[in-house]
Amino acid sequence: MDAGTPSGWVTRWAHLIAPGASVLDVASGSGRHAGWLAARGHAVLAVDRDADALASMSALPDIATLCADLEGAPWPLAGGRTFGAVVVTRYLHRPLFTHLIHALAPGGALIYETFAAGNQTVGKPSNPAFLLEPGELLEAVRGRLRVIAYEDGFVDAPHPAFVQRICAVLVPEPAKAGAIEDTTGNTPSGWPRYELTG
840 MDAGTPSGWV TRWAHLIAPG ASVLDVASGS GRHAGWLAAR GHAVLAVDRD
890 ADALASMSAL PDIATLCADL EGAPWPLAGG RTFGAVVVTR YLHRPLFTHL
940 IHALAPGGAL IYETFAAGNQ TVGKPSNPAF LLEPGELLEA VRGRLRVIAY
990 EDGFVDAPHP AFVQRICAVL VPEPAKAGAI EDTTGNTPSG WPRYELTG
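So this note's numbering is basically just the index in the sequence shown, starting at one, shifted up by 839.
Rendered as structure tokens:
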């Protein structure tokens, strides 16, 4: 993943975001995901503490920006606003897990990818505060979201790294009760169909 190329994990699971749904891009940087998602018809709110990085997106349509300190200040979206997806890559601040889940609308997808324990043996980041422990993303969503995909391992490209990734969905209440109204754009019968891709 170079600075301007969207994460393959995000592009792989973006089809689970309902057409036209809004997306929250957390710690967005200069918007490699915000721009890619906006180009696919999603209204994106990009949140980052770097005002210059956010300013680089000012001319892009369908992207709103919010400059906020995600670690040293209260959660900036405390008003209960929800999104069809929350995207987080290369960023970890554990106290945000609950906020990220609460920011999902029913049927919304959490698409998360960042560095994991072991990365200290191959490069940066090496501080344990920024490295997920084995199974940590699974534990963060357990009992709250339906896990569609999860990976925890080592990649060689574009540079050696230990990573952990999850795609999980906030299942709509009718689906939990068995009377299911499909919100994924797939066949409207039975359980929602979360298409797996290769």
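Ideal Cβ placement from N, Cα and C applies to all residues, glycine included.
- In this structure, D901 is the residue among A885, A890, D901, D864 with its C-alpha nearest to the C-alpha of A877.
- At a Cβ-Cβ threshold of 7 Å, A948 and L970 do not count as neighbours.
- Beyond the five residues adjoining it in sequence on each side, L984 comes within less than 7 Å, by CB distance, of I940, L949, A1007, V1008, L1009 in the same chain, given in chain order.
- A907 places its beta carbon 7 Å or farther from that of V862.
- Listed in chain order, the non-local C-beta contacts of G843 below 6 Å within the same chain comprise R871, local neighbours out to five positions each way being set aside.
- Your pair P913 and L905 does not check out as a contact, with CB atoms roughly 13 Å apart and the cut at 8 Å.
- The beta carbon of W875 sits closer than 6 Å to the beta carbons of P845 from its chain, once the five residues preceding and following it are set aside; these are given in chain order.
- Following the DSSP letters along the chain, one finds V886 in no alpha helix (DSSP H) but inside the beta strand (DSSP E) bounded by residues 883-887.
- Take the alpha-carbon of H854 and the one of D891: they are about 30 Å apart.
- Annotation note: the stretch 890-925 contains the following uninterrupted beta strand (DSSP E) runs of length 3 or greater, listed N- to C-terminal: 902-906.
- Looking at the DSSP output, Q1003 sits in a beta bridge with T953, D991.
- For V980, the uninterrupted alpha helix (DSSP H) run begins and ends at 975-980, by DSSP.
- Contact between E952 and H932 does not hold, since the beta-carbon distance rounds to 15 Å and is not under 8 Å.
- For L971, no beta strand (DSSP E) segment is defined, and its DSSP state is neither H nor E.
- Sixteen is the threshold: when 16 or more other Cβ atoms of the shown chains lie within 10 Å of the Cβ of S867, as they do, the residue is buried.
- When secondary structure is reduced to three states using DSSP, G847 falls in the helix class.
- Comparing alpha-carbon positions, the option among F922, S895, G918, L977 lying closest to V865 turns out to be F922.
- Taking 7 Å as the cut-off, the Cβ atoms of T1036 and R851 count as close.
- Nearest neighbour of P945 by Cα position, chosen from E978, R920, Y930, turns out to be R920.
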